[in-house]
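*Asks:*
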Amino acid sequence: MPAHILVAGGGIGGLAVALALSRQRHRADVFEQAAAFGEIGAGVQLGPNATRRLQQLDLGSGLAAIAARPDALAVHSAEGGSELARMPLGDAMQQRYGAPYFCVHRADLHGLLLDAVRARGTGTLVTAAHITQVETSDDLVCLSSADARAWEGEAVVGADGLWSMVRQELDSASAAQPPRVTGHTAWRAMAEQARLPAALRRRQVDVWLGPRLHAVAYPVRGGDWLNVVVIAESAPAGDARDWDQAGSIAALKQAMGRSCAGLQALLDAMPGWRAWSLGDRAPLSGAADMAHERIALVGDAAHPMVPYLAQGAGMAIEDAVALADALGDGSAADVPAAFARYAEARWARNAQVQARARRNGEIFHATGAMRLGRDMAMRLLGAKLLDQPWLYGG
Ligand SMILES: Cc1cc2nc3c(=O)[nH]c(=O)nc-3n(C[C@H](O)[C@H](O)[C@H](O)COP(=O)(O)OP(=O)(O)OC[C@H]3O[C@@H](n4cnc5c(N)ncnc54)[C@H](O)[C@@H]3O)c2cc1C
């Protein structure tokens, strides 16, 4: 008999795990607190490690239709504007890793996953279900919502993001600890490229590194739209849990300080700035941080990270495929052992990515002598420094 699994959270991780489980014939019901399934207006870069998994879920052609395939990744100085390093993406990534490097709009990726889950039709999708309680017995689990509804199943997957409540059910020292509020803020904006001056349109990923800040710009939606994110070490006044706070170009420029004319022109041209506070957790310290008996975590619920390696969604997608592989066509009785195998297979890689993301933040935002050393290394080593075979090949 296939297992009946309750997934708390219908973001990219929750939908990816529901899809992966349904492909193994399990029933996965998804419970999302928002009134409708959706994603904020921001971009996501997907390395070959993530696109390879999406291809395994039969989303390869759908993904190619919504994505932009950038030609290259170029790193610049935010103050002077000069190019420090460049790595070809496009065909080079496909040849090297057997899968593409894509940039997508979050809502497009989320919509692709949602359509695929709906098309399988093996579970229910419940909105306006803010899960507040998880109860477990030997072979059953029960989720309860804030409005006093309850659902029973044979296992729970917590895909409820940075502020996960499901993780409190783990048998691990970190389970009850809140995430760290980093004090770093991401400002983001999106625009149709046709509405921007020709000099500001892009077919590549551009990164600018400055003291205590960095900025990233890349195309999405087949290259028709441009996504820009600036991350600075300054907290907005709003709620740390709110991913979608009003932002302004004036507040952004105040947080940034001095930057080159090219970057200033791009930021000035972008409409509708929004802001969100960044949180993370210390790298996972063992399998117990990812699963316990009939409860498993995927994505940010398990291993939230600063976005300085552009891999949070990638790791959520990797988790989803690994969790479904661990359960295979097993039954409800196999769930505890399968979840234990899943956690054992995933925790060390996720911890490595979390640690590397934090380290990248120190390098990207470096000041003084460290910054000079970084720039020199980038100029000398270029693509060798930017490529990540351990990550993209995994
Ligand atoms: C500025 C920035 C840039 C980024 N860039 C990249 C990138 O380029 N590439 C990349 O791979 N990653 C990137 N990331 C990381 C990526 O966004 C996250 O890792 C990813 O969205 C995590 O997905 P998730 O499904 O685990 O969690 P979430 O996206 O947080 O989804 C959790 C879902 O659960 C729901 N939920 C929460 N609590 C409950 C509850 N109690 N009951 C019911 N539902 C609940 C939420 O409403 C939400 O829908 C970036 C992040 C930031 C902040």
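Residue numbering for the sequence shown follows this note's numbering, starting at 2 and increasing by one per position.
Just so it is clear, CB atoms sit at the ideal spot from N, CA and C, and this is done for glycine as well.
1) Would you decide whether Ala21 is buried or exposed? Buried here means 16 or more other CB atoms lie within 10 Å of its CB.
2) Put Ser23 into one of helix, strand or coil per three-state DSSP.
3) Quick check on the DSSP output: the alpha helix (DSSP H) that includes Asp376 runs from which residue to which?
4) With distance defined between alpha-carbon atoms, name the residue in Leu144, Ala177 and Val105 nearest to Ala156.
5) Enumerate in chain order the residues of its own chain whose CB-to-CB distance from Arg54 is below 7 Å, with the five nearest sequence positions on each side excluded.
6) Based on the DSSP output, what are the partners of Pro212 in its beta bridges?
7) Report the residue from Val354, Trp391, Arg350 and Ala311 whose alpha carbon sits nearest the alpha carbon of Leu74.
8) Tell me whether Phe32 counts as near ligand 1, meaning its Cβ is closer than 7 Å to at least one heavy atom of that ligand.
9) If I'm right that Leu90 touches Val76 with Cβ under 8 Å, what's the distance once you round it to whole angstroms?
10) Mind checking who Cys261 pairs with in its DSSP beta bridge?
11) Let me know if Ile6 comes out buried or exposed under the rule of 16 or more other beta-carbons within 10 Å of its beta-carbon.
12) Can you find the residues in the same chain that come closer than 7 Å, C-beta to C-beta, to Arg347, ignoring five residues on each side of it along the sequence?
13) Should Asp281 and Thr186 be called a contact, given that it needs their Cβ atoms to be closer than 8 Å?
14) Would you mind giving the Cβ-Cβ distance between Ala302 and Val135, rounded to the nearest angstrom? I have them listed as a contact below 8 Å.
15) Between the stretch 32–52 and the stretch 93–102, do three or more beta carbon pairs fall short of 8 Å?
16) Let's test the definition: count the other Cβ atoms within 10 Å of the Cβ of Ile132 and tell me whether it reaches 16, buried, or not, exposed.
17) I need the straight-line Cα distance from Ala66 to Asp225, nearest angstrom please.
18) If Val336 sits next to Ala4, beta carbons under 8 Å apart, how far is it from one beta carbon to the other, in whole angstroms?
19) How many angstroms separate the CA atom of Gly42 from the CA atom of Tyr219?
20) Does DSSP put Trp348 in a helix, in a strand, or in coil?
21) Would you report the Cα separation of Ala200 and Pro308, rounded to the nearest angstrom?
22) Along the chain, where does the beta strand (DSSP E) that runs through His111 open and close?
23) Going by other Cβ atoms of all chains shown within 10 Å of its Cβ, with 16 needed for buried, is Pro305 buried or exposed?
24) Just to confirm, is the Cβ distance from Val8 to Val158 under 8 Å?
25) If we count the other Cβ atoms within 10 Å of its Cβ and call it buried at 16 or more, is Asp388 buried or exposed?
26) Could you check whether the Cβ of Ala317 sits closer than 7 Å to any heavy atom belonging to ligand 1?
27) When DSSP labels each residue in this structure, what does Trp244 get in the three-state scheme?
28) List the whole-angstrom C-beta distance separating Ala276 from Gln246, where the pair is believed to meet the contact cut-off of C-beta under 8 Å.
29) Just to confirm, is the Cβ distance from His1 to His215 under 8 Å?
30) Please name the residue, chosen from Gln355, Arg342 and Trp274, that lies closest to Pro284 on a Cα-to-Cα basis.
31) Is the beta carbon of Trp188 sitting closer than 8 Å to the one on Trp274?
*Replies:* Inspection of the coordinates gives the following:
1) For this step, residue 21 is matched to residue 20 along the sequence shown. Buried is the call here.
2) As a working note, residue 23 is residue 22 in the sequence shown. The answer is helix: DSSP assigns Ser23 an H, G or I state.
3) As a first step, residue 376 is located in the sequence shown; it is residue number 375 there, counting from the start. Per DSSP, Asp376 belongs to the alpha helix (DSSP H) from Gly369 to Leu382.
4) Within the sequence shown, the letter at position 155 stands for residue 156. Ranking the options by Cα distance to Ala156, first place goes to Leu144.
5) Against the sequence shown, residue 54 aligns to sequence position 53. Cβ within range, chain order: Ile318, Glu319 and Val322.
6) Position 211 of the sequence shown holds residue 212. None; Pro212 has no bridge partner.
7) Stepping through the sequence shown from its first residue, residue 74 is reached at position 73. Closest by alpha carbon: Ala311.
8) The residue given as residue 32 occupies position 31 in the sequence shown. Yes, the beta carbon of Phe32 sits closer than 7 Å to at least one heavy atom of ligand 1.
9) Here residue 90 refers to the residue found at position 89 of the sequence shown. Here residue 76 refers to the residue found at position 75 of the sequence shown. Contact flag wrong, Cβ pair sits at about 13 Å.
10) One-based indexing of the sequence shown puts residue 261 at position 260. The partner list for Cys261 (beta bridge, DSSP) is empty, contrary to what the question assumes.
11) As a position in the sequence shown, residue 6 is number 5, starting the count at 1. That one is buried.
12) Here residue 347 refers to the residue found at position 346 of the sequence shown. When the five nearest sequence neighbours on each side are left out, the beta carbons in the same chain lying within less than 7 Å of the beta carbon of Arg347 are those of Met291, Asp320 and Ala323, in order along the chain.
13) Looking up residue 281 in the sequence shown gives position 280. Looking up residue 186 in the sequence shown gives position 185. No, the Cβ-Cβ distance between Asp281 and Thr186 is not below 8 Å.
14) The residue labelled residue 302 in the question sits at position 301 within the sequence shown. The residue labelled residue 135 in the question sits at position 134 within the sequence shown. Not quite, the Cβ-Cβ distance comes to about 12 Å (not below 8 Å), so this is no contact.
15) yes
16) Here residue 132 corresponds to residue number 131 of the sequence shown, with the count starting at 1. Buried, because 16 or more other Cβ atoms sit within 10 Å of the Cβ of Ile132.
17) As a first step, residue 66 is located in the sequence shown; it is residue number 65 there, counting from the start. As a first step, residue 225 is located in the sequence shown; it is residue number 224 there, counting from the start. So the two alpha carbons sit approximately 12 Å from each other.
18) What you label residue 336 is simply residue 335 of the sequence shown in a count that begins at 1. What you label residue 4 is simply residue 3 of the sequence shown in a count that begins at 1. Confirmed, Cβ separation roughly 6 Å.
19) The count along the sequence shown starts at 1 and reaches residue 42 at position 41. The count along the sequence shown starts at 1 and reaches residue 219 at position 218. Whole-angstrom Cα-Cα distance: 14 Å.
20) Numbered from 1 along the sequence shown, position 347 holds the residue referred to as residue 348. In the structure shown, Trp348 sits in a helix (DSSP, three-state: H, G or I).
21) Here residue 200 refers to the residue found at position 199 of the sequence shown. Here residue 308 refers to the residue found at position 307 of the sequence shown. Looking at the two C-alpha atoms, the distance is approximately 27 Å.
22) As a first step, residue 111 must be located in the sequence shown, where it is residue number 110. Here His111 belongs to no beta strand (DSSP E); instead the alpha helix (DSSP H) covers Arg107 to Arg121.
23) Taking the sequence shown and counting its residues from 1, one reaches residue 305 at position 304. It counts as buried.
24) Translated into positions along the sequence shown, residue 8 becomes position 7. Translated into positions along the sequence shown, residue 158 becomes position 157. Yes, these two residues count as a Cβ contact at 8 Å.
25) The residue you call residue 388 lines up with position 387 of the sequence shown. Under this definition Asp388 is a buried residue.
26) Position 316 of the sequence shown, counting from 1, holds the residue named residue 317. True, at least one ligand heavy atom lies under 7 Å from that Cβ.
27) Here the question's residue 244 lines up with position 243 in the sequence shown. Coil, per DSSP.
28) Here residue 276 refers to the residue found at position 275 when the sequence shown is read from its first residue. Here residue 246 refers to the residue found at position 245 when the sequence shown is read from its first residue. Yes, Ala276 and Gln246 are in contact; Cβ-Cβ is about 5 Å, under 8 Å.
29) For the chain, the structure presents residues 2 to 395; residue 1 sits outside this window and is missing.
30) Here residue 284 is taken as the residue at index 283 of the sequence shown, counted from 1. Cα-wise, what sits closest to Pro284 is Gln355.
31) By one-based count along the sequence shown, residue 188 stands at place 187. By one-based count along the sequence shown, residue 274 stands at place 273. Against a cut-off of 8 Å, the Cβ pair of Trp274 and Trp188 comes out as a contact.
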